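Colleague:
Residue numbers (the numbering used here): 18 to 257.
(1) In terms of DSSP beta bridges, what is residue 164 paired with?
(2) Can you round the beta-carbon distance between residue 29 and residue 243 to whole angstroms, since I take them to be within the 8 Å contact cut?
(3) Extract the residue ranges of the alpha helix (DSSP H) inside the segment 49-111, only unbroken runs of 4 or more that lie entirely within it.
(4) Assuming the contact rule is C-beta atoms closer than 8 Å, residue 45 and residue 21 should be a hit. Round their C-beta distance to whole Å, please.
(5) Rounded to whole angstroms, how far is the Cβ of residue 37 from the Cβ of residue 53, which I believe are closer than 8 Å?
(6) Am I right that residue 103 and residue 96 are in contact with their C-beta atoms under 8 Å? What's the rounded C-beta distance?
(7) Could you please give the first and the last residue of the uninterrupted alpha helix (DSSP H) stretch that includes residue 216?
(8) Excluding the five sequence neighbours on either side, which residues of its own chain have a C-beta within less than 6 Å of the C-beta of residue 212, listed in chain order?
(9) Give the C-beta separation of residue 256 and residue 114 to the nearest angstrom, bearing in mind that I take them to be a contact with Cβ-Cβ under 8 Å.
(10) From residue 150 to residue 163, what does the alpha carbon distance come to, in whole angstroms?
(11) If I follow the unbroken beta strand (DSSP E) through residue 240, where does it start and stop?
(12) I'd like to know whether the C-beta atoms of residue 201 and residue 65 end up nearer to each other than 7 Å.
(13) Any idea if residue 124 is buried or exposed, counting beta-carbon neighbours within 10 angstroms, 16 or more meaning buried?
(14) Identify every residue that forms a DSSP beta bridge with residue 199.
(15) How about residue 87 and residue 215: are their beta carbons less than 7 Å apart?
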């Protein structure tokens with residue numbers, strides 16, 4: 018059974034598409050999927066699209082149409098936690114939706130119908146992804162670091178210092194010490210939980226979710242993120 022590799026943007030996945038052996042492009046649900054092999058193992062590459070709804074649709078298609086065995090997400094995020102710097106990598110232990118608020122009917126950030134706020138990643142798959150990150154970061158200049166912990170997802174690009182600080186403080190006050198913020202991971206984690214599918218995710222920090230985020234993000238995705246994804250996922254598939 019295949020491993021699905023998800024990314025949010027084409028630039029994040031360009032190197033992986035070029036590295037595919039026996040590539041086959043498949044259109045389904047209005048999306049392009051690439052089936053092939055990496056390191057001799059079957060994979061399906063897909064772009065999640067931006068935002069939680071697009072990501073959930075893509076993850077569901079990977080499960081229902083392609084029957085994948087596991088999903089791994091690689092992409093970029095804004096750093097929120099102390100010491101999480103541009104160029105570092107955060108390997109998710111779990112996710113939450115920072116824009117979920119059905120209060121007062123339910124506690125803030127709790128997903129109605131589930132009785133939970135945070136969505137854990139698969140422990141063994143996450144450990145394997147973390148090992149791949151460590152191997153690759155050791156070869157990269159500048160000493161980027163790996164972090165592990167909570168990532169927050171929401172349908173908003175956090176690109177102002179005051180908004181980032183407010184988000185971090187409100188989550189921390191409720192016991193959610195968030196390391197990074199992005200727009201898709203929590204939705205994929207919820208879909209994988211629904212289907213009982215192993216899920217792991219890594220995010221390379223492209224910016225600090227502050228007032229320069231829109232500038233840093235574009236440059237970083239183009240110049241750095243694709244290389245990170247290619248090298249780390251290649252190592253991950255070797256370990257798999």
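Even for Gly, the Cβ is constructed at its ideal location relative to N, Cα and C. Bear in mind the structure is a predicted one, so any value in this text is a computation, not a measurement.
Modeller: With the given structure in hand:
(1) DSSP output for residue 164 lists 107 as bridge partner(s).
(2) Rounded, the Cβ-Cβ distance is 6 Å, consistent with contact.
(3) As far as the segment 49-111 is concerned, its whole alpha helix (DSSP H) runs of at least 4 residues are 69-81.
(4) So it is not a contact: roughly 13 Å between Cβ atoms.
(5) So it is a contact: roughly 3 Å between Cβ atoms.
(6) Contact between residue 103 and residue 96 holds: CB atoms are separated by about 7 Å, below the 8 Å threshold.
(7) Looking at the DSSP string, residue 216 is not in any alpha helix (DSSP H); the run it does join, the beta strand (DSSP E), is 216-224.
(8) Cβ within range, chain order: 80.
(9) Going by Cβ atoms, the distance from residue 256 to residue 114 rounds to 30 Å, so no, they are not a contact pair.
(10) Near 7 Å, if we compare the C-alpha coordinates of residue 163 and residue 150.
(11) For residue 240, there is no enclosing beta strand (DSSP E), as DSSP marks it with neither H nor E.
(12) Cβ atoms of residue 201 and residue 65: closer than 7 Å.
(13) So residue 124 ends up on the exposed side.
(14) According to DSSP, which records beta bridges pairwise, residue 199 is partnered with 170.
(15) Yes, the pair counts as a contact, with Cβ atoms nearer than the cut-off.
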